[in-house]
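Under my numbering, think of the first position of the sequence shown as 231, with each following residue one higher. Every residue gets a Cβ at the ideal spot worked out from N, C-alpha and C, and that includes glycine.
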Amino acid sequence: MALGEKQVRMFELAGSRQKLHWISIFALFVFALGHIISTWGYTGLFWGDFGTWRHEVERFAQRGVPYVDFHWTYPPGAMWLLGGIARVVGTDVYTLWMLTSIVFLLIVAVYYRYASLLVPSGIVLPVVISGFALFVAYGIKVPVGDYTPAMPIGFLFQFTAIVLTLKLFDSGWMWRAVSVGLLCGMCVLIKHDFWVPSAYLVFVSCLILPMMYGKQGWHWAASMLIACAVVVLGGVFVVVQDAGWGTVWGIIDGFGRVAEYGGRGYPSWERLAVDVGMSSLLVLMVLLCLVVTRSVPLPRVGVLMGVLCTIAVFVCGLHIWMSYNIGVRLRAEGIGLLATPTEEHLYTQKIQGNWSLFRGSISWLKHRLLDGFFPVLLSGIIGVTVLVRWKKFESPQLRNAVLFLLGLCFAARLKSLFEHVEWYHFLLEAPVYTAAIFLFVPDSKMLKKGITLSLIGLIVVGIYTYRHKAVGPLSRHRVYPSIETPRGTFNWLARVAQDYKWLSEQVNRLDPSGNIPVFTLGYTGGINYFLLRRNPTPFTQGFMLTNFDPDKVIADVAAKEKRILLIGNRVYRNITVEVADFSLFRWENKYTQQLSIKANREYFEKLLQRYDVLGEPAKRGIFTIYNCVRRRQ
Numbered sequence: 231m232a233l234g235e236k237q238v239r240m241f242e243l244a245g246s247r248q249k250l251h252w253i254s255i256f257a258l259f260v261f262a263l264g265h266i267i268s269t270w271g272y273t274g275l276f277w278g279d280f281g282t283w284r285h286e287v288e289r290f291a292q293r294g295v296p297y298v299d300f301h302w303t304y305p306p307g308a309m310w311l312l313g314g315i316a317r318v319v320g321t322d323v324y325t326l327w328m329l330t331s332i333v334f335l336l337i338v339a340v341y342y343r344y345a346s347l348l349v350p351s352g353i354v355l356p357v358v359i360s361g362f363a364l365f366v367a368y369g370i371k372v373p374v375g376d377y378t379p380a381m382p383i384g385f386l387f388q389f390t391a392i393v394l395t396l397k398l399f400d401s402g403w404m405w406r407a408v409s410v411g412l413l414c415g416m417c418v419l420i421k422h423d424f425w426v427p428s429a430y431l432v433f434v435s436c437l438i439l440p441m442m443y444g445k446q447g448w449h450w451a452a453s454m455l456i457a458c459a460v461v462v463l464g465g466v467f468v469v470v471q472d473a474g475w476g477t478v479w480g481i482i483d484g485f486g487r488v489a490e491y492g493g494r495g496y497p498s499w500e501r502l503a504v505d506v507g508m509s510s511l512l513v514l515m516v517l518l519c520l521v522v523t524r525s526v527p528l529p530r531v532g533v534l535m536g537v538l539c540t541i542a543v544f545v546c547g548l549h550i551w552m553s554y555n556i557g558v559r560l561r562a563e564g565i566g567l568l569a570t571p572t573e574e575h576l577y578t579q580k581i582q583g584n585w586s587l588f589r590g591s592i593s594w595l596k597h598r599l600l601d602g603f604f605p606v607l608l609s610g611i612i613g614v615t616v617l618v619r620w621k622k623f624e625s626p627q628l629r630n631a632v633l634f635l636l637g638l639c640f641a642a643r644l645k646s647l648f649e650h651v652e653w654y655h656f657l658l659e660a661p662v663y664t665a666a667i668f669l670f671v672p673d674s675k676m677l678k679k680g681i682t683l684s685l686i687g688l689i690v691v692g693i694y695t696y697r698h699k700a701v702g703p704l705s706r707h708r709v710y711p712s713i714e715t716p717r718g719t720f721n722w723l724a725r726v727a728q729d730y731k732w733l734s735e736q737v738n739r740l741d742p743s744g745n746i747p748v749f750t751l752g753y754t755g756g757i758n759y760f761l762l763r764r765n766p767t768p769f770t771q772g773f774m775l776t777n778f779d780p781d782k783v784i785a786d787v788a789a790k791e792k793r794i795l796l797i798g799n800r801v802y803r804n805i806t807v808e809v810a811d812f813s814l815f816r817w818e819n820k821y822t823q824q825l826s827i828k829a830n831r832e833y834f835e836k837l838l839q840r841y842d843v844l845g846e847p848a849k850r851g852i853f854t855i856y857n858c859v860r861r862r863q
């Protein structure tokens with residue numbers, strides 16, 4: 231039976247009983263297919279993330295073991311899945327693109343189901359299109375896998391678990407409880423970003439189910455917990471068997487990344503100003519749309535709109551003023567090694583007079599508002615408002631559902647917090663905020679028009695952002711030049727294409743046989759993948775922040791390889807990271823040198839010292855090629 235001995239109706243979702251909205255489904259998949267076609271081939275840097283994870287997948291497909299034969303930055307789940315499939319279908323770039331495009335389409339499908347559960351059929355279309363527009367604007371190249379695929383795969387599992395949880399609350403069934411546990415367990419094994427929301431989803435569900443379904447709810451809650459634990463412990467067991475307990479602790483700590491990059495999500499006065507300003511502007515936009523469509527009378531919300539407008543003007547004006555003063559100081563003192571994002575932006579604008587500095591400060595504010603378009607504080611502000619007005623809502627069931635989902639939205643933000651908004655936040659949060667409007671505003675004939683107008687505003691922002699951030703025929707950047715590689719045809723920036731062409735020609739000239747291994751400072755895997763060259767080390771992203779001992783690796787390489795090509799990359803020289811600290815007396819947080827980058831260069835020099843360089847190193851742009859033969863002992 232679906233239901234237990236008792237059922238307490240704690241949640242109410244507007245779309246839980248409605249039929250499929252075929253117009254929305256058709257529109258979504260037309261846009262999704264168009265997006266795949268328009269971004270096909272427009273990848274990131276061949277020596278960056280895009281190539282690195284392909285190199286790692288190829289190593290797994292060739293029977294390499296993560297953490298033992300090569301480094302993998304994240305928990306092993308995504309590598310097991312994608313690499314396991316690659317063992318069967320191969321690592322050809324077009325095959326991998328098909329896999330990542332399928333993940334993209336599955337995310338779109340689950341997004342439709344999620345949105346259609348939360349809102350009435352009359353506004354399903356604008357809800358799904360608005361979320362999708364922001365999704366593709368901020369996650370431009372998810373279909374071609376430019377974004378490390380651990381994130382899309384993890385979010386697909388997380389999103390599916392959320393939909394199943396909502397259906398579980400609505401009509402029970404044991405298989406849904408077990409499926410939620412299994413999916414959340416897989417999320418833990420895929421990426422750190424999903425640890426907190428997975429824990430939230432499982433434990434809060436386990437509290438709610440017994441209240442809704444009595445004894446049978448306890449059974450479902452226990453089944454969910456057990457399923458999640460089995461998956462997580464099973465994954466830990468496999469890692470321990472392969473690489474030992476030390477690797478498990480390394481994964482939890484991100485192999486040192488937590489300590490080095492921990493400051494990226496910390497608040498600062500600058501970030502708080504952006505978050506408060508954007509929250510005020512978004513709520514003000516919604517209220518304005520509701521007033522214009524006569525969904526709510528102006529006297530009812532006039533004071534609130536005035537307050538929000540005042541807050542937005544104040545914090546945005548403060549942001550411009552602070553940026554302007556930073557620019558004045560920058561003009562007098564110059565830019566330092568540990569520059570903040572504001573200083574870097576104003577420096578690249580080549581500010582001359584006061585008026586150009588003022589315009590540069592405004593453009594920086596616009597950039598920051600778009601970068602945090604769905605503020606982290608928004609779900610918290612709405613959640614607190616729900617708690618304050620707890621007994622005043624007409625529908626307690628809708629109130630409970632909205633509060634549960636707002637908590638989930640906030641949990642999904644805890645890892646990055648104030649750093650920036652991720653593409654998947656739009657898919658998760660846009661339908662929730664839309665449902666919250668139905669909670670706060672009494673339903674009327676005009677309400678759907680007001681909400682639709684608000685969602686059209688989100689679509690406009692999505693189109694604008696896509697236009698300025700994307701590449702390809704529909705963007706402002708139009709078409710990048712194409713370049714042929716052994717892996718296929720790619721569209722890269724002209725300078726990136728030129729760098730690759732030169733690098734390929736030089737490496738092939740030095741070693742026409744293709745047998746000499748290649749190792750690159752920094753993100754080495756991409757160059758190995760695109761040049762079809764062997765990587766003699768287990769590293770893919772430098773010597774540090776891994777579970778491998780750099781000195782041992784250097785000694786092993788020097789003992790095995792008589793000849794090697796080493797490629798230096800001057801990009802990895804002076805990279806800064808944000809300090810994990812909040813100061814009452816600083817507008818932006820402090821920055822410090824990334825110590826692992828400095829250590830990577832020192833270890834690269836150690837490796838270079840084990841060899842004699844034949845002739846003068848070849849140089850172009852950011853790359854230097856050292857043709858090396860092992861030094862005689």
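Item, Value
"Measuring only the C-alpha atoms, how far is SER360 from ILE686?", "7 Å"
"Can you name, in chain order, every residue of its own chain whose Cβ lies under 7 Å from the Cβ of LYS596, other than the five neighbours on each side?", "none"
"I'd like to confirm the pairing. Which residues does DSSP put opposite ARG850 in its beta bridges?", "PHE853"
"Under the assumption that ARG717 contacts SER705 (Cβ atoms under 8 Å), give the Cβ distance between them as a whole number of angstroms.", "So it is not a contact: roughly 24 Å between Cβ atoms."
"Could you give the DSSP three-state label for ASN721: helix, strand or coil?", "strand"
"Please state the DSSP three-state secondary structure of GLU652.", "coil"
"Check whether the Cβ atoms of VAL461 and LEU412 sit closer than 9 Å, and answer yes or no.", "yes"
"Which residues bound the beta strand (DSSP E) around SER712?", "712-715"
"Assign ARG239 to one of two classes, buried (16 or more other C-beta atoms within 10 Å of its C-beta) or exposed (fewer than that).", "exposed"
"Can you confirm whether the stretch 502-520 touches the stretch 830-838 when touching is taken to mean that 3 or more C-beta pairs between the two stretches lie within less than 8 Å?", "no"
"Check GLU563 in the structure and name its three-state DSSP category.", "helix"
"Only counting runs of 4 or more residues, tell me where the alpha helix (DSSP H) segments fall wholly within the stretch 610-692, in order along the chain.", "626-643, 653-670"
"Mind the definition here: the stretch 517-533 touches the stretch 675-694 only if three or more C-beta pairs lie below 8 Å; say whether that holds.", "yes"
"Is the beta carbon of PHE668 sitting closer than 9 Å to the one on VAL357?", "no"
"What does a CB cutoff of less than 6 Å around ALA380 pick up in its chain, not counting 5 residues either side in sequence?", "TYR304, ALA308, ILE420, LYS421"
"Is any heavy atom in the ligand MN found nearer than 8 Å to the beta carbon of VAL651?", "The model depicted lacks the ligand MN and carries no ligand whatsoever."
"May I have the straight-line CA-CA distance separating PRO296 from LEU775, to the nearest angstrom?", "15 Å"
"Using only the alpha-carbon positions, how far apart do THR806 and VAL354 sit?", "44 Å"
"Compute the distance between the beta-carbons of LEU329 and GLY756, then report whether it is under 9 Å.", "no"
"Would the beta-carbon of VAL632 fall within 9 Å of that of VAL662?", "yes"
"In whole angstroms, what is the alpha-carbon distance linking SER346 and TYR759?", "42 Å"
"Is it buried or exposed for GLY602, if we count other Cβ within 10 angstroms and need 16 for buried?", "buried"
"Among residues of its own chain, excluding the 5 on either side of SER428, which ones have a beta-carbon nearer than 6 Å to its beta-carbon?", "CYS414, CYS417, VAL418"
"Could you check the C-alpha separation between GLU574 and ILE852 for me, to the nearest Å?", "20 Å"
"Given a threshold of 16 other Cβ atoms within 10 Å of its Cβ, counted over all protein chains shown, does LYS371 qualify as buried or as exposed?", "buried"
"The alpha helix (DSSP H) spanning ASP423 covers which residue range?", "Premise fails: ASP423 is in no alpha helix (DSSP H) and is neither H nor E."
"Alpha helix (DSSP H) containing TYR841: first to last residue?", "Counting along the chain, TYR841 falls outside any alpha helix (DSSP H), though it belongs to the beta strand (DSSP E) covering 841-843."
"Assess, as a yes-or-no matter, whether the stretch 497-504 is touched by the stretch 809-818 under the definition of 3 or more beta carbon pairs within less than 8 Å.", "yes"
"So the candidates are LEU844, ASP673, TRP653, LEU723; which of them puts its Cα closest to the Cα of SER625?", "ASP673"
"Quick check on DSSP: helix, strand or coil for ARG589?", "helix"
"With 16 other CB atoms within 10 Å as the buried threshold, where does GLN388 fall?", "buried"
"The beta strand (DSSP E) that contains PHE815, what's its start and end?", "Premise fails: PHE815 is in no beta strand (DSSP E) and is neither H nor E."
"Considering only C-alpha positions, which residue in the set ALA244, TYR342, ARG289, TRP310 is nearest to ALA262?", "TYR342"
"Do you know how far the Cα of VAL859 is from the Cα of VAL787?", "12 Å"
"When you compare only the Cα positions, how much space is there between PHE656 and PHE604?", "7 Å"
"From MET231 to TRP403, what does the alpha carbon distance come to, in whole angstroms?", "Low confidence applies here, because MET231 scores a pLDDT of 43, under 50, leaving its location unreliable; read the following figure in that light. Near 7 Å, if we compare the C-alpha coordinates of TRP403 and MET231."
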